[in-house]
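See below for the structure under consideration.
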Amino acid sequence: MCPVAADSKNSKPSSKKKINKKINSNLETVVEENSNINSENLKESSYSNESSLENNNEFSDSEDADKGLGNIKLGPKGIYTEDSIRVYLQEIGRIRLLRPDEEIELARKIADLLQLEELATQYESEKGHFPSVREWAELIDMPLSKFRRRLLLGRRAKEKMVQSNLRLVVSIAKKYMNRGLSFQDLIQEGSLGLIRAAEKFDHEKGYKFSTYATWWIRQAITRAIADQSRTIRLPVHLYETISRIKKTTKVLSQEFGRKPSEEEIAESMEMTIEKLRFIAKSAQLPISLETPIGKEEDSRLGDFIEADIENPEQDVSKTLLREDLEGVLATLSPRERDVLRLRYGIDDGRMKTLEEIGQIFDVTRERIRQIEAKALRKLRHPNRNGVLKEYIK
Numbered sequence: 001m002c003p004v005a006a007d008s009k010n011s012k013p014s015s016k017k018k019i020n021k022k023i024n025s026n027l028e029t030v031v032e033e034n035s036n037i038n039s040e041n042l043k044e045s046s047y048s049n050e051s052s053l054e055n056n057n058e059f060s061d062s063e064d065a066d067k068g069l070g071n072i073k074l075g076p077k078g079i080y081t082e083d084s085i086r087v088y089l090q091e092i093g094r095i096r097l098l099r100p101d102e103e104i105e106l107a108r109k110i111a112d113l114l115q116l117e118e119l120a121t122q123y124e125s126e127k128g129h130f131p132s133v134r135e136w137a138e139l140i141d142m143p144l145s146k147f148r149r150r151l152l153l154g155r156r157a158k159e160k161m162v163q164s165n166l167r168l169v170v171s172i173a174k175k176y177m178n179r180g181l182s183f184q185d186l187i188q189e190g191s192l193g194l195i196r197a198a199e200k201f202d203h204e205k206g207y208k209f210s211t212y213a214t215w216w217i218r219q220a221i222t223r224a225i226a227d228q229s230r231t232i233r234l235p236v237h238l239y240e241t242i243s244r245i246k247k248t249t250k251v252l253s254q255e256f257g258r259k260p261s262e263e264e265i266a267e268s269m270e271m272t273i274e275k276l277r278f279i280a281k282s283a284q285l286p287i288s289l290e291t292p293i294g295k296e297e298d299s300r301l302g303d304f305i306e307a308d309i310e311n312p313e314q315d316v317s318k319t320l321l322r323e324d325l326e327g328v329l330a331t332l333s334p335r336e337r338d339v340l341r342l343r344y345g346i347d348d349g350r351m352k353t354l355e356e357i358g359q360i361f362d363v364t365r366e367r368i369r370q371i372e373a374k375a376l377r378k379l380r381h382p383n384r385n386g387v388l389k390e391y392i393k
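Right, here's the structure in full:
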């Protein structure tokens, strides 16, 4: 491990971002699914990058690299739809989970990468420019080819650690749906928290990475939700005008015995109707669902709002529930699974009686009841019902 000077705190605030930008755009960081991060697996791809790295003394910039994310896929791409979410879930579902020994090995490589980056930060602070690959290798007196390999191993380890835990992000993100952010945004914000966890994880403390990462993922998601819902700050003079509008509206309502029109409020305050509307829109003043609609005033705004409109989050929630339910049912025997499907109308929405199911399987009503009871006992076990509890509000 390379030494890191104690005065690295004096480095420029943007140095970390520059390091990530320069590292990511030149290092090949494609992580092979279901592969182990070790020297043999990376030998061919590591050497294939040496010529491109040797021809570039400086790492170049890119928008993705600016985020320090390499090829990590943070969430569904393109337009947010139920299909895009499903495709993304299928993709990350194919990524193999890590064994404890693999977590430890990856964590060691990530720690080594962070020390290399910290050393480069210190160099930039002292010299005024980011070190070339050759200069960087000379800082730790390491041959150039071995140094490139060391960088590549660290970057790949970070991506493997993150990609292998993206299902944890989805699991946590589901619990924060319908709180102001789309499911896609929740996944992306949670993934950023996961990346931070990979950088901060200390494998020597003995706990699993998923336990440690859960806190960082939740923090990233809750902070994003808070930022999204934060009240927009308006100039002081607008607050004063808004206060006057509310006060005038209240006085006129008492005087007329009804809610005043915009024209009446504007006239009373000696301002144009356009200005009144602009200020009201800026303040996002709420409109009552009891507001009369039309000249006859026999309809209300609430009459025109459908109560049970499903948004994309609700669609996705149903899809995820179906997938998780299928996963739980798959732990039962085929006969138990079929009985529950028929008994509770899981496939067609029609619940069948014990007698009907008995006729289908050519067994007695009592036998079907016994199979159902046994299956339900299995489903009540914490190992099975835990995944479904998060859907119960």
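All the letters of the sequence shown, read from the start, carry residue numbers 1 to 393 under the UniProt record's numbering. Using N, Cα and C, we set each Cβ at its ideal position, and we do this for glycine too.
Pick from Arg-223, Ala-220, Ala-266 and Ile-368 that is closest to Ile-242, judged by C-alpha positions | Ala-266
Between Tyr-123 and Leu-144, is the Cβ-Cβ spacing less than 8 Å?
-> no
In chain order, what residues of the same chain lie with their CB nearer than 6 Å to the CB of Thr-231, ignoring the 5 residues before and after it?
-> Bear in mind that the predicted position of Thr-231 carries a pLDDT of just 45, short of 50, making it unreliable; the figure below should be weighed with that in mind. Once the five neighbours on either side are set aside, Thr-231 has no close Cβ partner at all.
When you compare only the Cα positions, how much space is there between Leu-157 and Arg-179?
-> As written in the sequence, residue 157 is Ala, which differs from the Leu given in the question. Roughly 34 Å separates the two Cα atoms.
Spell out a yes or no on whether the stretch 357 to 367 and the stretch 328 to 344 are touching, meaning 3 or more CB-CB pairs, one atom from each, closer than 8 Å.
-> yes
Cβ contact check for the stretch 184 to 193 and the stretch 209 to 218: 3 or more pairs under 8 Å | yes
Would you identify the three-state DSSP class for Thr-248, choosing helix, strand or coil?
-> helix
Nearest CA to the CA of Leu-113: which residue from Leu-194, Arg-149 and Thr-248?
-> Arg-149
How big is the Cα-Cα spacing for Thr-272 and Arg-86?
-> 51 Å
Kindly indicate which residue of Arg-223, Ser-125, Phe-278 and Val-169 has the alpha-carbon position closest to the one of Thr-211.
-> Val-169
Proximity below 8 Å, CB of Leu-151 to CB of Leu-181 = no
Check His-381 in the structure and name its three-state DSSP category.
-> coil
Which of helix, strand or coil does DSSP assign to Pro-100?
-> helix
Alpha helix (DSSP H) containing Leu-168: first to last residue?
-> 166 to 174
Apply the 10 Å Cβ neighbour rule to Ala-226 and answer buried if 16 or more other Cβ atoms are within range, or exposed otherwise.
-> exposed
Give the DSSP-derived three-state secondary structure of Phe-130 in the structure shown.
-> coil
Are the CB atoms of Ala-375 and Leu-325 nearer to each other than 8 Å?
-> no
Host alpha helix (DSSP H) of Met-269 (start-end) = 262 to 269
Which residues in the same chain have their Cβ closer than 6 Å to the Cβ of Gly-154, if we skip the five residues on either side of it in sequence?
-> Lys-109, Asp-112 and Leu-113
In this structure, does DSSP put Ser-191 in helix, strand or coil?
-> helix
Per-residue burial, Glu-159 [other beta carbons within 10 Å of its own, 16 or more giving buried] = buried
Considering only the beta carbon of each residue, do Leu-276 and Glu-262 sit closer than 8 Å?
-> yes
DSSP three-state assignment for Ser-333, whether helix, strand or coil | coil
Can you tell which of Glu-204, Arg-337 and Arg-350 has its C-alpha closest to the C-alpha of Ile-371?
-> Arg-337
Three-state secondary structure assigned by DSSP to Asp-185 = helix
Whole angstroms is fine: what's the gap from Pro-131's alpha carbon to Asp-141's?
-> 14 Å
Please classify Gly-180: does DSSP put it in a helix, a strand, or coil?
-> coil
So is Leu-97 buried or exposed if we call it buried at 16+ other beta carbons inside 10 Å?
-> exposed
Top-ranked residue by Cα proximity to Ile-368, from Leu-379, Thr-353, Pro-382 and His-381 = Thr-353
Do Ala-120 and Met-161 have their C-beta atoms closer together than 8 Å?
-> no
Does DSSP classify Tyr-212 as helix, strand or coil?
-> helix
Just the C-alpha distance for Ala-213 and Leu-194, rounded to the nearest angstrom, thanks.
-> 6 Å
Within the same chain, show all residues whose beta-carbon is closer than 6 Å to that of Lys-259, passing over the 5 residues directly before and after it, in chain order.
-> Ser-253
Would the C-beta of Lys-250 count as close to the ligand GDP, meaning under 7 Å from any of its heavy atoms?
-> For the structure depicted, the ligand GDP is absent and the ligand set is empty, with no information on it obtainable.
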